[in-house]
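J.:
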Amino acid sequence: MKKENYKGKAASELIELVGKRREELRAMRFDIAGSRGKNTKAIRELRRDTARALTELSRLAPQQQGKQQAAH
178 MKKENYKGKA
188 ASELIELVGK
198 RREELRAMRF
208 DIAGSRGKNT
218 KAIRELRRDT
228 ARALTELSRL
238 APQQQGKQQA
248 AH
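Per our numbering, residue 178 is the first one in the sequence shown, and the count goes up by one each step.
1. State the DSSP-derived secondary structure class of methionine 187, mapped to helix, strand or coil.
2. Taking buried to mean at least 16 other C-beta atoms within 10 Å of its own C-beta, is arginine 203 buried or exposed?
3. Is glycine 211 helix, strand or coil when you go by DSSP?
4. Do the CB positions of leucine 223 and arginine 206 come within less than 7 Å of each other?
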């Protein structure tokens with residue numbers, strides 16, 4: 178996914194996406210270690226997707242904290 182695809186997502190969606198990507202990455206690492214997988218480029222793409230989602234989450238965190246403080 179591109180960076181633009183993450184910008185419109187809610188924090189809960191991003192958290193769910195990170196969990197899915199990490200699970201896919203774990204499974205892919207086991208496949209490669211067991212000589213079942215040959216596509217090592219996919220691991221890099223999953224890591225980058227995870228990093229993009231986490232970056233967007235960290236960008237959203239200060240905004241949400243500001244909204245919570247304004248509500249109190």
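Beta carbons are placed, not taken as given, at the ideal position from N, Cα and C, and that holds for glycine. Computed from a predicted structure; not experimentally measured.
T.: In short, the structure shows the following:
1. First, the residue type needs correcting, since residue 187 is alanine and not methionine in the sequence shown. It is coil, neither helix nor strand.
2. exposed
3. coil
4. The criterion of a C-beta distance shorter than 7 Å is not satisfied by leucine 223 and arginine 206.
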